[in-house]
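Asks:
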Amino acid sequence: MASEPGPPNSSSSLIEVRNLTRHYRMGPQTVHALEDVTVAIPRGEFVAVMGPSGSGKSTFMNLLGCLDRPDAGRYQLDGQDIGGLSSDALAAVRNRRIGFVFQSFNLLPRQSALENVMLPMVYAGVGHARRMERALAALEAVGLRERAAHRPTQLSGGQQQRVAIARALVNDPLLLLADEPTGALDTATSLEIIGLFQRLNRRGITIVLVTHEPEVARFAARLLQFRDGRLIGDSNQEPEVAA
Ligand SMILES: Nc1ncnc2c1ncn2[C@@H]1O[C@H](COP(=O)(O)OP(=O)(O)O)[C@@H](O)[C@H]1O
Ligand SMILES: [Mg+2]
273 MASEPGPPNS
283 SSSLIEVRNL
293 TRHYRMGPQT
303 VHALEDVTVA
313 IPRGEFVAVM
323 GPSGSGKSTF
333 MNLLGCLDRP
343 DAGRYQLDGQ
353 DIGGLSSDAL
363 AAVRNRRIGF
373 VFQSFNLLPR
383 QSALENVMLP
393 MVYAGVGHAR
403 RMERALAALE
413 AVGLRERAAH
423 RPTQLSGGQQ
433 QRVAIARALV
443 NDPLLLLADE
453 PTGALDTATS
463 LEIIGLFQRL
473 NRRGITIVLV
483 THEPEVARFA
493 ARLLQFRDGR
503 LIGDSNQEPE
513 VAA
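For the sequence shown, the numbering used here begins at 273 and goes up steadily by one.
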């Protein structure tokens, strides 16, 4: 029951966040990591999140990704109120509806690319043959099918990030969240990865991507800017098209 999708989406937005607030208590201090953020993101958008270090970008992404809970405010994902969910239900939303990509790839070093990509489907209860088939298709979608047997150390940084993207996509999520996905990559490789995100977005997946590189942000159609935990800018732009 906990893992069932929510009621049909009553609005056009995939993400609706209202007055979202997250404070960290550090002894006598309170860090206002996120303060009263209200924003709606329609299905199919490609959004870049920018702002200085410490401005609340990762806190915002962790809340969108159901990795953390807010102290105040509301979050609806695809019409479903996330605030009321149990921890198990949150884990199910994370596993089935959201894909994550991080700066550090977070691949298991002793597992092959294929095994890394198969992993989220273990938690989702997919049988072995089907896991293999879907993982190979996901590797194909990122151009790495022929590297399926390689371990992370046998792959370049860009290839490792593509494996991580395949892993994020393998349960066919609604939403892809990427926190500084090009932060560990050189410029040419960053552009390859952003081109991949654009192609995936054209096929329909909603993407929210944190970056502090304007070079990367210009490929998104919308730009959210954070400062001191607040959303201080929200603008649409004509995205650059990657080759
Ligand atoms: N787990 C935590 N405990 C205490 N403070 C935190 C924690 N995570 C983040 N913060 C603080 O919250 C603020 C926002 O952090 P973060 O969302 O990571 O910013 P960004 O991703 O924009 O660099 C910063 O001041 C940071 O130090
Ligand atoms: Mg961060």
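Glycine included, C-beta positions come from ideal geometry on N, C-alpha and C.
Below 8 Å on the Cβ atoms is my contact criterion, and I expect P445 with Q432 to pass it. Report the Cβ-Cβ distance as a whole number of Å.
Replies: Going by Cβ atoms, the distance from P445 to Q432 rounds to 20 Å, so no, they are not a contact pair.
Asks: Could you give the residue range of the alpha helix (DSSP H) that holds S507?
Replies: From DSSP, S507 is part of no alpha helix (DSSP H) but of the beta strand (DSSP E) over 502-508.
Asks: Looking at M322 and L449, is the spacing between their C-beta atoms short of 8 Å?
Replies: No, the pair does not count as a contact, with Cβ atoms beyond the cut-off.
Asks: Could you tell me which of T310, R474, T293 sits nearest to D506, measuring between CA atoms?
Replies: Cα-wise, what sits closest to D506 is T310.
Asks: Could you tell me whether the region 493-508 touches the region 303-319, using the rule of 3 or more Cβ pairs below 8 Å?
Replies: With a cut-off of 8 Å, the region 303-319 and the region 493-508 count as touching, because enough Cβ pairs lie within range.
Asks: Can you tell me whether V480 is buried or exposed, with buried defined as 16 or more other CB within 10 angstroms of its CB?
Replies: Flag for V480 reads buried.
Asks: Identify every residue that forms a DSSP beta bridge with S285.
Replies: Bridge partners of S285: P314.
Asks: Run the Cβ filter for me: residues under 6 Å from any heavy atom of ligand 1, listed in the order they occur in the chain.
Replies: Selection output, chain order preserved: Y296, M298, V303, A305, G323, S325, G326, S327, G328, K329, S330, T331.
Asks: When you measure from the CB of D451 to every non-hydrogen atom of ligand 2, does any distance come out below 7 Å?
Replies: Because some heavy atom of ligand 2 lies under 7 Å away, the Cβ of D451 counts as near it: yes.
Asks: In terms of DSSP beta bridges, what is G217 paired with?
Replies: Any answer about residue 217 is impossible in this case: the structure gives the chain only from 273 up to 515.
Asks: Using the beta-carbon count (16 or more within 10 Å), is N473 buried or exposed?
Replies: It is buried - the Cβ of N473 has at least 16 other Cβ atoms within 10 Å.
Asks: Straight-line CA distance for L380 to V435?
Replies: Taking the straight line joining both Cα atoms gives about 11 Å.
Asks: Since I354 is in the alpha helix (DSSP H), which residue starts that stretch and which ends it?
Replies: Here I354 belongs to no alpha helix (DSSP H), and DSSP marks it neither H nor E.
Asks: For A413, which three-state DSSP category applies?
Replies: A413: helix per DSSP, three-state reduction.
Asks: Using C-beta distances below 6 Å, list every residue in its chain close to L386, excluding the 5 sequence neighbours before and after it, in chain order.
Replies: Excluding sequence neighbours, L386 sits near A407, A420.
Asks: When the Cα atoms are used, what is the spatial distance from A460 to S325?
Replies: Spanning the two alpha carbons is a distance of roughly 24 Å.
Asks: Specify whether the region 395-403 and the region 340-349 touch according to this definition: at least 3 beta carbon pairs, one from each stretch, less than 8 Å apart.
Replies: Short answer: they don't touch.
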